[in-house]
Every structure is written in C-alpha cells, then in structure tokens.
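For the protein sequence lines, the chains are D and E, in the order given. For the first sequence, the residue numbers in our numbering are 282 to 630. For the second sequence, the residue numbers in our numbering are 282 to 630. Taking it in order: structure first as structure tokens, then the write-up.
2 protein chains.
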Amino acid sequence: MARRKVTSIDVAREAGVSQSAVSRAFTPGASVAEGTREKVHQAAVRLGYRPNAIARSLITRRSHMIGMAVSYLDNHFYPELVQGISDHCQKRGYHILLFTAGEGDAANQELQRALDYQIDGLVLASVSLSSEIADRCHAAGIPVVMVNRVSDAPTASKVTGANEHGGRTIAHFLAKAGHTRIAYLAGLEETSTNRDRETGFMAGLAEAGASLHARAVGNYSAEQSARAATEMMQGSAPPDAIFCANDHMAIAVMDALREGLDLSVPEDVSIVGFDNVGPAQWPTYSITSFSQPVDAMIEATSETLFEAIEAAVEGEAFEAEAIELPGKLIVRRSSRIPPGTGDTWELPA
Amino acid sequence: MARRKVTSIDVAREAGVSQSAVSRAFTPGASVAEGTREKVHQAAVRLGYRPNAIARSLITRRSHMIGMAVSYLDNHFYPELVQGISDHCQKRGYHILLFTAGEGDAANQELQRALDYQIDGLVLASVSLSSEIADRCHAAGIPVVMVNRVSDAPTASKVTGANEHGGRTIAHFLAKAGHTRIAYLAGLEETSTNRDRETGFMAGLAEAGASLHARAVGNYSAEQSARAATEMMQGSAPPDAIFCANDHMAIAVMDALREGLDLSVPEDVSIVGFDNVGPAQWPTYSITSFSQPVDAMIEATSETLFEAIEAAVEGEAFEAEAIELPGKLIVRRSSRIPPGTGDTWELPA
DNA sequence: CTGAAAGCGCTTACAG
DNA sequence: CTGAAAGCGCTTACAG
Numbered sequence: 282m283a284r285r286k287v288t289s290i291d292v293a294r295e296a297g298v299s300q301s302a303v304s305r306a307f308t309p310g311a312s313v314a315e316g317t318r319e320k321v322h323q324a325a326v327r328l329g330y331r332p333n334a335i336a337r338s339l340i341t342r343r344s345h346m347i348g349m350a351v352s353y354l355d356n357h358f359y360p361e362l363v364q365g366i367s368d369h370c371q372k373r374g375y376h377i378l379l380f381t382a383g384e385g386d387a388a389n390q391e392l393q394r395a396l397d398y399q400i401d402g403l404v405l406a407s408v409s410l411s412s413e414i415a416d417r418c419h420a421a422g423i424p425v426v427m428v429n430r431v432s433d434a435p436t437a438s439k440v441t442g443a444n445e446h447g448g449r450t451i452a453h454f455l456a457k458a459g460h461t462r463i464a465y466l467a468g469l470e471e472t473s474t475n476r477d478r479e480t481g482f483m484a485g486l487a488e489a490g491a492s493l494h495a496r497a498v499g500n501y502s503a504e505q506s507a508r509a510a511t512e513m514m515q516g517s518a519p520p521d522a523i524f525c526a527n528d529h530m531a532i533a534v535m536d537a538l539r540e541g542l543d544l545s546v547p548e549d550v551s552i553v554g555f556d557n558v559g560p561a562q563w564p565t566y567s568i569t570s571f572s573q574p575v576d577a578m579i580e581a582t583s584e585t586l587f588e589a590i591e592a593a594v595e596g597e598a599f600e601a602e603a604i605e606l607p608g609k610l611i612v613r614r615s616s617r618i619p620p621g622t623g624d625t626w627e628l629p630a
Numbered sequence: 282m283a284r285r286k287v288t289s290i291d292v293a294r295e296a297g298v299s300q301s302a303v304s305r306a307f308t309p310g311a312s313v314a315e316g317t318r319e320k321v322h323q324a325a326v327r328l329g330y331r332p333n334a335i336a337r338s339l340i341t342r343r344s345h346m347i348g349m350a351v352s353y354l355d356n357h358f359y360p361e362l363v364q365g366i367s368d369h370c371q372k373r374g375y376h377i378l379l380f381t382a383g384e385g386d387a388a389n390q391e392l393q394r395a396l397d398y399q400i401d402g403l404v405l406a407s408v409s410l411s412s413e414i415a416d417r418c419h420a421a422g423i424p425v426v427m428v429n430r431v432s433d434a435p436t437a438s439k440v441t442g443a444n445e446h447g448g449r450t451i452a453h454f455l456a457k458a459g460h461t462r463i464a465y466l467a468g469l470e471e472t473s474t475n476r477d478r479e480t481g482f483m484a485g486l487a488e489a490g491a492s493l494h495a496r497a498v499g500n501y502s503a504e505q506s507a508r509a510a511t512e513m514m515q516g517s518a519p520p521d522a523i524f525c526a527n528d529h530m531a532i533a534v535m536d537a538l539r540e541g542l543d544l545s546v547p548e549d550v551s552i553v554g555f556d557n558v559g560p561a562q563w564p565t566y567s568i569t570s571f572s573q574p575v576d577a578m579i580e581a582t583s584e585t586l587f588e589a590i591e592a593a594v595e596g597e598a599f600e601a602e603a604i605e606l607p608g609k610l611i612v613r614r615s616s617r618i619p620p621g622t623g624d625t626w627e628l629p630a
C-alpha cells in the first residue's frame, strides 16, 4: 500500500530532461522551449504526475490558501457568503481552508492553527478577532478581512452592511407607520452587528420622538428568539412592533407568534428583520427587512483581500480598509406600512 | 515588509539547543527532557514561533487536510453537513479544504486540485465523482467518502439515507391517505438521490395498486420547482398529491401554490418532501417529510473517513463501505393523513 | 535524552 | 533554453 508518489524526478527521467525542466514546464511563463514543455507534459500524463502543491508552497512561501472562519452556518446569510467567496477564490487559483468556530477561546485557537498552515489571507465571517491574532497576522504580512462582524483591530479590513443606518431607518419606518409600543429583539450582545443596529435604532426612535417600549435578547438563536418573543407578547403590555436584529430571528419569531400564540402578523404585531436573506423573501414569511447586499459584500471582500495579498507579494504595505455597503429597507407584508409606501422605504433626507 | 518568519532554527539559537530539539519539543510523544521542552517553549513564545504546518506536511506526508466538495449550499442540508463534518475534523486536528463546484467538468478540475494539495481524505457532498478521479485517489491511498450522493466508483465509501425505502414509504402513505392523482417532482435527473427516491416511489405505487398521475422536473432548484408545480396545478388534470424529491423543492412548491395560486395545502393538494431539513419543520411549512439523519450521517462520514485514514497510515488496505442510515416519515400538516396516524408513519411489515 | 545529517518535492538564481 | 545546486522549514533514523 505504500505507493510511492510520482515526483518531478520520475517525470524528468521519463522525459529525458532535468528535474528543473519539469518544474519549468509546469510553471506558467517560465522559460522553456515549447518542445520541452510538450515532452514533459506527455511524460507527466503517462506517469500520472501532478506537482505537489505543498512542496511548491514551501519554497514559494505562498500557499494559495485563504483561511475562512465562520460560526453560524445555520443563519442562511453565511453559507451564501462562504459559497460566494470560495467561488471568487477558486477563480483566482486560491482555496478556502475552513474553520468552524464559536466565539472566544476555541475560536482563537483555531485561528492560530490557520496561521500555522501559512494561509495567504484570512476572512472572518461572524467571528471577531482577538487583537493578539490580528497582530500576529499583521506581523506575518497576512491580510485580514472581517465581513459582517467587526472588531477594533486597526490592521484588519472590514466589510459590512449599513447596520447603523439600517437600524435608524427601521425606527423611523415603524414610528411613521403609527406604532406606539416598539420593541427590540437583540442578537448576541457582544457582536458589532447587534451593537450598531441597536445604536442606530435607538437614535432613530429618539429622532422620531418615540421611545423603546421593550427589549429582549434572542442571541441570534432561533430557539431563544421564539421564547423571548412569546414572553413579550404574553406580558401585560405586549409590543405592537418588534425589530429583530436579523432575519434568522425574525423567522423564528413569526413562527412562534403565528403558530404558537395564534397571532396575526402584522395585524397583531409588526415584525421587521435585517439581512434580507432568502427565507425572508419566501411568500409565507414575506418579511420587511433591511437588506445587506450579499453579492456586493462577497465582491468587496474578495477584492480587498486580493489587493492586499498582491501588495504583500510586491512587498508593499497594504492599508486596512473599512467598506460599508449600502442597503435598503425592503417593505413586505410582515409589517404595517405607512400610507403611500412602495417596495422600499427610505429615510426622508 | 519582508519580515522573515521565525523558524525552528531561530528558536534553537534562542533556547541554546539544537534545531532537532525544537522540533521534538513540539512533537507530542517525542523523546525530550521536560526541562528542554520547557526551555524551548519559552523561547518560542518570546520569539512568537509556531511550527510551519506546510513544512511538516511535506516531510511527514500527511497534510491533516480533508478535501470537501459541495455544490448546493443553498439547500440547507449541506451547510449542516459541512459544519458537522468540519467540527469533527477539527476535533481530531484536521481541517477542511473547501471546494465549491458544480457538476461535471469544472467540478472534476477542482477535485484534481484538491489532490495536488495532498489532502489526507476527501468528502464529497452533493457532488459525484468521475471514476478517473476516484482511481487517482485510490492509487494515491486517499480515502474517499461520498455523502448523500453516490456514484458507482467501487473504491469510494458511501453514506446515504434510506432513499429508496423512503420513496416507497411515501408512495404507500399517499395511497393509503386516499390520493388518486399522485405526482412526482423530480430533482436533478442524473443524481443518485433522485434516482433512488424515484425508483422506490414507483415501486411503492405499483405495490399499492396506484400509478403515477404526472411527473415534472424541478432539478433541485427552487425557481424551477415553483414553475413546474404551478404548471402542474394549472393543467387540466391537477394532481391531488405531489412528492417533491427534497424539502428544498417542497418549500418552493408550497410557496408557489399558496401564494401564487391561492391554493390550500393539504386541502387542494398534499405536499411531501424528503430530508426533514430545518425549514420543513418550521410551523409555517410543517412539511411531511422522510427524514435523513444529518447527525448520524455526519458521524458515519467522519468515522468511515478516519478509520480509512488510519488504515492508510498503518499501510493497511481499507475497504470501501456503503452505509445506509435509516430514516422515517415524519407526518406533519402539509399532507392529508390516513386515519389513526401518529407523528410518524411506517410501512406495514 | 541529544545533535548532526539526510531528505520531503519542489522553485529559482546562476552559469553556460 | 537548460542543468546542477542550493534551499524552503521541518521530521526522523542514526549514533552517541
């Protein structure tokens, strides 16, 4: 069973050339005669040879692997992100080394491992970075891009949706539609998405002369959200609108209220979400949601990453960028609607 | 910007030991004095050293990377699989090198690349394997496990749900509930899941003395399924039940029929799906579905893979296994129900 | 327990 | 255009 792998030396012997020639034949742009390259390729096919990417990585110091850490694949937003970014990477000859990790210490250990693999770049989605790891990456010249989750690591690039503006828009929208008991269902408290959406939401309420009627925490979990919303609605002063910090929670809430409590949405309570993920668009839910432009976020992440990688290759410094991509409030049937509203709603200037 | 990376030689100098000693200090079970190990670790921390996994892979001929190919991350079944298998791998010190690929040629090229990276094993989910790649893996001693998608490559292991039995069960269930115009909405024709589910379904219909009333193709795509189901129901002889080859299609069909055509499920037509994914369980859909045990499939895939990898390490041959995991028909509200049925329904013995 | 040395499979100056 | 040689950063017999 110890089949020795075919190496460039075997191919060299078979083709009657030097080992260097074999290497060159497999290196685009290397200086080889066309005939030599042809001879080598034929010998390679005969022997079933393919260059060993690990050995190549060791000598070139470029692994062509991008580390990607992700933690909540059950929120449909993230699989979309993973698939999109992976597709972009593959188009450029890079591959994703995946790290599934929760928050905190375990996540950090896994990220450390990613570095051991000499990844050329690191994408963090739904995971935030300890500044220790951020510094390590920076010291090693490895660009880091955080998507949809941000930390204050100054050397990491950031790609986000318009979290604060979105929260603010939703507050105005709910107030305008005549709601008077507006609640917020928070995601994970320590995440930047939750913090920014809530900050914007609170500012918007204040601007609209409204105040927060109730607040509960769903921690971006379907179960916890269903429970929290049920309690809210069963309390003595149920809200007439709930802004859920993401669609994943909004869906769970709608299910819990409609099926569990036999309430109607939006007649009994308006539900608004954030992300505009696929399921939010399904007619059965039809959730009013502030959109995050997944495709644009994928694009921006890939561009930022590869620009920085190329800069690193050239030995140039790369600047961390912070890109905020615009979204808009997509108005659907899960919420009461201010008169005269179209498919989307914008803050008056 | 050309920061030289810290290597074991730097650490050796700092700790006043040989480079071999550094290596041993980072190798569990290697023969080093405790004091030496301590000294080395401290020097390593001072210098920010971590062993280069690429260099280690080259010499040990084990990359500790598992290739995983997946194509339809929008079907929620697959993200669950990816996350579960990745978690198992990480627990054992392995990591997933991800390949997102469609069917056919592009997929094969990407798989070829996976091999270039000297992966220790390969998991294929929703992707089937050309026998050429299968042979290459086998020749290289790389175990392959196909999950939820099977090809006739004899050297690859297979983990599936009870596709044929599930299809058969659904046929009997629909007949027993009194349906007389039973339709099948096919997934991708060339996939083993579609083939096996349909084969079982047709056999079951025949056994129940029923025949297929209509057949359409949804190709496992939400859009195509919605369109196909809409056409079916608008035809001159609409079905009174549709078995959709997976839940992803069943959801799209329910949305299209309820929202697009204003039909009621199951009053106007029963819908049955396959997989029992999360969204099928959401109260709003509440889809009768033949379950695939995701967790058991994750477990079986990981076990099979690591057994084979360990065998390969020991130089032993590993046998390809074919594991079929049982499922059951979870009865919910999307279908008419035979009298006296509980939460699940089984074929009479 | 420890160090010197060979070697994993490549790429890439260097000299011709 | 081509080959011989050094070297990427490790692990692991081998000898002590």
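We treat Cβ as the ideally placed atom computed from N, Cα and C, and that holds for glycine.
Within the same chain, and ignoring the five residues on either side of Leu544 (chain E) in sequence, the residues whose Cβ sits closer than 6 angstroms to its Cβ are Leu538. If you draw a 10 Å sphere on the C-beta of Gly297 (chain E), you find fewer than 16 other C-beta atoms in it, and that means exposed.
In the structure shown, Lys286 (chain D) adopts coil according to DSSP, grouped into three states. DSSP places Ile451 (chain D) in no beta strand (DSSP E) but in the uninterrupted alpha helix (DSSP H) bounded by Asn444 to Lys457. Secondary structure of Ser517 (chain E) (DSSP, three-state): coil.
Among the CB atoms of chain D, one or more fall inside 8 angstroms of the CB of Asp397 (chain E).
Contacts with chain E at 8 angstroms (Cβ-Cβ) include Val363 (chain D).
Taking Ser438 (chain E) as the centre and dropping the five residues before and after it, the same chain places the C-beta of Val426, Thr585, Ala601 and Glu602 closer than 6 angstroms to its C-beta, in chain order.
Around the beta carbon of Gly422 (chain E), 16 or more other beta carbons lie within 10 angstroms, which makes this residue buried.
The alpha carbon of Phe571 (chain E) has as its nearest neighbour, out of E:Ser432, E:Thr625 and E:Asp477, the alpha carbon of E:Thr625.
For Val351 (chain D), the closest C-alpha among the options E:Arg343, E:Gly365, E:Ile347 and E:Asn356 is that of E:Gly365. For Tyr465 (chain E), no CB of chain D lies under 8 angstroms from its own CB, so it is not counted at the interface with that chain. For Ile377 (chain D), the enclosing beta strand (DSSP E) has its first and last residue at His376 to Thr381. Among the bridge pairs identified by DSSP, Phe555 (chain D) is matched with D:Phe571. DSSP places Thr582 (chain E) within a helical segment (H, G or I) once states are collapsed to three. Nearest in C-alpha terms to Gln573 (chain D), of all of D:Ile552, D:Glu588, D:Ile611 and D:Glu595, is D:Ile611. Residue contact check for Ala421 (chain D) against chain E: a CB pair falls below 8 angstroms. Between Gln300 (chain D) and chain E, the shortest Cβ-Cβ separation is not below 8 angstroms. The beta carbon of Ile618 (chain E) sits no closer than 8 angstroms to any beta carbon of chain D.
Collapsing the DSSP output to three states places Gly316 (chain E) in a helix.
The CB of Pro560 (chain D) comes closer than 8 angstroms to the CB of Pro560 in chain E, given here in chain order. Any Cβ of chain E closer than 8 angstroms to the Cβ of Tyr566 (chain D) would place that residue at the interface, and such an atom is present. Taking Val553 (chain D) as the centre and dropping the five residues before and after it, the same chain places the C-beta of Ile451, Phe524, Thr569 and Ser616 closer than 6 angstroms to its C-beta, in chain order.
With fewer than 16 other beta carbons inside 10 angstroms of its own, Asp433 (chain D) counts as exposed. Along the stretch 533 to 555 of chain D, the positions whose C-beta sits under 9 angstroms from a C-beta of chain E are Ala533, Met535, Asp536, Ala537, Arg539, Glu540 and Gly541, read in chain order. In the structure shown, the three-state DSSP call for Phe587 (chain E) is helix.
Comparing C-alpha distances from Val431 (chain E) to each of E:Asp528, E:Ser412 and E:Asn557 shows the shortest one belongs to E:Ser412.
With a threshold of 8 angstroms between beta carbons, Asp401 (chain D) makes no contact with chain E. Scanning chain D for C-beta atoms nearer than 7 angstroms to the C-beta of Pro332 (chain E) yields Asp397, reported in chain order. Chain D places a beta carbon closer than 8 angstroms to that of Thr381 (chain E), counting this residue as a contact. Under the three-state reduction of DSSP output, Lys609 (chain D) falls in the coil class, being neither helix nor strand.
Close to Ile335 (chain E), with beta-carbon spacing below 7 angstroms, are these residues of chain D in chain order: Ile335, Ser338, Leu339, Ser344, Tyr398 and Gln399. Leu354 (chain D) has a beta carbon lying within less than 8 angstroms of a beta carbon in chain E.
Chain E has a Cβ within less than 8 angstroms of the Cβ of Ser367 (chain D). Distance from the Cα of Ala518 (chain D) is smallest, within the candidate group D:Ala334, D:His529, D:Met483 and D:Ile463, for D:Ile463.
Cβ contact annotation for Arg342 (chain D) (same chain, cutoff 8 angstroms, sequence separation greater than five): Gln399, in chain order.
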